[in-house]
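Accompanying notes for the structure given below.
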DNA sequence: ATAAAAAGTAGAAACGTTTCGTTTTCATTT
DNA sequence: AAATGAAAACGAAACGTTTCTACTTTTTAT
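Chains as they are written, first to last, in the numbering used here: chain A, 501 to 837; chain B, 501 to 837.
Structure (structure tokens):
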């Protein structure tokens, strides 16, 4: 049915080993090169990955484990990563951890059993115990978007603290003093909170506990609930600006202010993370810290690929990227009025 | 390094074939059963999928091709499908078609080369030419969410026409006559438009062309643009209710009405498709037609699995599911006031 | 022109399973 | 106790590659 390398042998009269060598980039005599090329085309030959894998112990498949694929960030990241891997001839097996550490651990096990060549992971867990199975099987792992502190792991992250700090500084520069924050207790959420706090401290502004709202996980309702909480404060104490640590959170905040008829930026200023569909289409256009998603994906893939080659030098590779501010109209300049 | 079936042979003294037979569910003497079980546990043996696949010609991997994974619907569907497949021990290679027919065709080719056992596809294309490669390779294909008319293909869809028809009838029953619709030119968009039109026709209501707004693809801006278009109509002609064919579209519409300070449901009634995060959290709660996403996923996987077994009976399997109305507070009853 | 070196080719073994045809085992019947 | 038949075990071949070693041909240097 399917043509094999033996058919090429029959067609060309060459030895299996010669053909195999050429097909894997080796040198053969020009005449034989031509013969093989012709036979391959004629027979529409494609190497059988299973047979190849049986010997080389490579599956040409990468596992991608991420905390949640149904969110916007996860979906987009998957999109980029999948594209890049396919371009390199790699398949991607994707496993959604559903924000659950034990599911995450199972995912790794599954991928190890599937004998993937490498694993990309946006982790839920904060320590690297769940990766032991992969480590034992000698499968390279690269972490992206989130790193695991203390672990000897290649990773690609953005400087969340610096990014959120400069986002909040942007607010402060425009005269805001009562700035509240909504964030999650996840990796990115906490780091972005730290940046918020640092900016406030360095500006000599204090952060009353009512100005921080957080829940376990980034979600629309986190933003919605947080904003409503702020609105319950006495008017004189209400924040003039809100820093939100994620796209979904921003959606929730916008829903909440629209509901009570508060205008942005006239009554309240907003600054958020991740410029995705909604932040781009809404009016006023949201001012956001934009993560270089494509670069995050491509760097992670690049590092993983470098680990897949022979000379996988032992040096740890940690890439730190920077977010950039995309200015919209959602922040009011209080110095002017 | 990795233990093989030969190690089990050494450990138990049994023949390879006996061990293999038992491992694949065959019968062996109780004593041997025990011996093998013990050795498997002791050596932490896992069958090598490559070696197995080389003989059985099965990769235990399913390809999932979908029109767009970065959208909410695609993300959630991927989540469900991935889960179900993993539970059956199958890996999933996911390919995003990016709403592009030629990418879609390439995706199928890629998966065929990867020798997946089966393919699930939410197609972009409207004819099945792009599946020829898979057909030739004898790889079963199941379509979900969208079917391809005229094609001999297993599929799982919902009755979009009936669903949108009853959504619009719900509006009509509450006294609405000037009902506008926003939809895309994709499969689901067009079907939902048809249901809208049918409901209107059967109620004797006419649909002026200004009451239909459409763009190529479901998106937030489609909703945003559409709603703004309706708002440009002379007040006396403005619709009292809007039917939106998708979640993202609903988001855009809500942004647009919030911007100009129109209240829902007091000034305008809304009804949409797909109850996802935002529609659940916003106030008023949106009235939506809810698709049984999990069932769509599980039925598709079930059908595919049945095709993977030996006796793949030739009968076509087409499953038609129904959406149900999830009543919120976004529709005003005009008969009351 | 010749020897040495380099480049290319060939054949066979190996990878870890499943499967097939044959032989052995064991319980049942005569 | 021997014959029968079904159930279980066995051994070898096969799956489609790569890789290793040995061999042949070509190129280069003398």
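Where a beta carbon is used, it is the ideal one built from N, C-alpha and C, also for glycine.
Chain-ordered listing is empty here: chain A has no CB closer than 8 Å to the CB of residue 676(B), the nearest sitting near 23 Å. Following the DSSP letters along the chain, one finds residue 666(B) in no beta strand (DSSP E) but inside the alpha helix (DSSP H) bounded by residues 660-673. Counting only runs of 3+ residues, the beta strand (DSSP E) found wholly inside the segment 757-810 of chain B occupies 769-773 and 787-790, in chain order. For residue 607(B), the three-state secondary structure derived from DSSP is helix. For the segment 589-606 of chain B, the set of residues with a beta-carbon nearer than 8 Å to any beta-carbon of chain A comprises 591, 592, 593, 594, 595, 596 and 598, in chain order. Fewer than three Cβ pairs drawn from the segment 707-716 of chain A and the segment 645-659 of chain A lie within less than 8 Å of each other, which leaves the two stretches out of contact. Following the DSSP letters along the chain, one finds residue 545(B) in no beta strand (DSSP E), marked with neither H nor E. For residue 644(A), the enclosing beta strand (DSSP E) starts and ends at 641-644.
Interface residue (Cβ-Cβ distance to chain B less than 7 Å): residue 550(A) is classified as such. Contacts with chain A (Cβ-Cβ distance below 8 Å) from the segment 572-585 of chain B involve 572, 574, 575, 576, 578, 579, 582 and 583, listed in chain order.
Taking a C-beta distance under 7 Å as the contact criterion, residue 609(B) and residue 624(B) do not qualify as a contact pair.
With respect to chain A, the C-beta atom of residue 828(B) has no partner C-beta closer than 7 Å. At a C-beta separation below 7 Å, residue 816(B) has no neighbours in chain A, since its nearest C-beta there lies roughly 25 Å away. The closest CA to that of residue 613(A), considering only 762(A), 690(A) and 562(A), is found on 562(A). The beta-carbon distance between residue 743(B) and residue 679(B), rounded to whole angstroms, is 6 Å. This is short enough to meet the 8 Å contact definition. When CB distances to chain B are screened at a threshold of 8 Å, the residues of the segment 758-775 of chain A falling below it are 758, 759 and 761, in chain order. In this structure, DSSP gives residue 632(A) a helical state, which the three-state scheme calls helix. Looking at the backbone, the Cα of residue 764(B) and that of residue 783(B) are separated by about 9 Å.
Under the Cβ criterion of 7 Å, residue 613(B) is counted among the residues facing chain A. With 16 or more other Cβ atoms from the protein chains shown falling within 10 Å of its own Cβ, residue 686(B) counts as buried. Between residue 787(B) and residue 741(B), the alpha-carbon positions lie close to 12 Å from each other. For residue 783(A), the C-beta contacts it makes with chain B under 7 Å involve 759, in order along the chain. Taking 7 Å as the CB threshold, residue 553(A) lines the interface with chain B. In the pairwise beta carbon analysis, the segment 795-804 of chain B is classified as touching the segment 577-591 of chain B: at least three pairs are separated by under 8 Å. Beta-carbon to beta-carbon, residue 595(B) and residue 586(A) are separated by about 7 Å, close enough to satisfy the 8 Å threshold. Contact note: residue 610(A) reaches chain B through 586, 589 and 591, using a C-beta cutoff of 9 Å and chain order. Residue 712(A) has 681(A) as its beta-bridge partners, per DSSP. For residue 805(B), no Cβ of chain A is located within less than 7 Å of the residue's own Cβ. Identification of chain B residues near residue 691(A) by a Cβ-Cβ cut-off of 9 Å yields none; the smallest Cβ-Cβ distance measures about 23 Å. Cβ-Cβ distances below 6 Å link residue 688(B) to 660 in the same chain, with the five nearest sequence neighbours on each side left out; the list follows chain order. Inter-residue distance for residue 709(A) and residue 729(A) is about 12 Å (C-alpha atoms, whole angstroms). A direct Cα-to-Cα measurement between residue 695(B) and residue 739(A) gives close to 47 Å. DSSP lists 657(B) as the bridge partner or partners of residue 820(B). Taking C-beta atoms as the reference points, residue 835(A) and residue 704(A) fail to come closer than 7 Å. Beta-bridge analysis with DSSP links residue 592(A) to 562(A). Closest by C-alpha distance to residue 599(B), out of 618(B), 616(B), 622(B) and 593(B), is 622(B).
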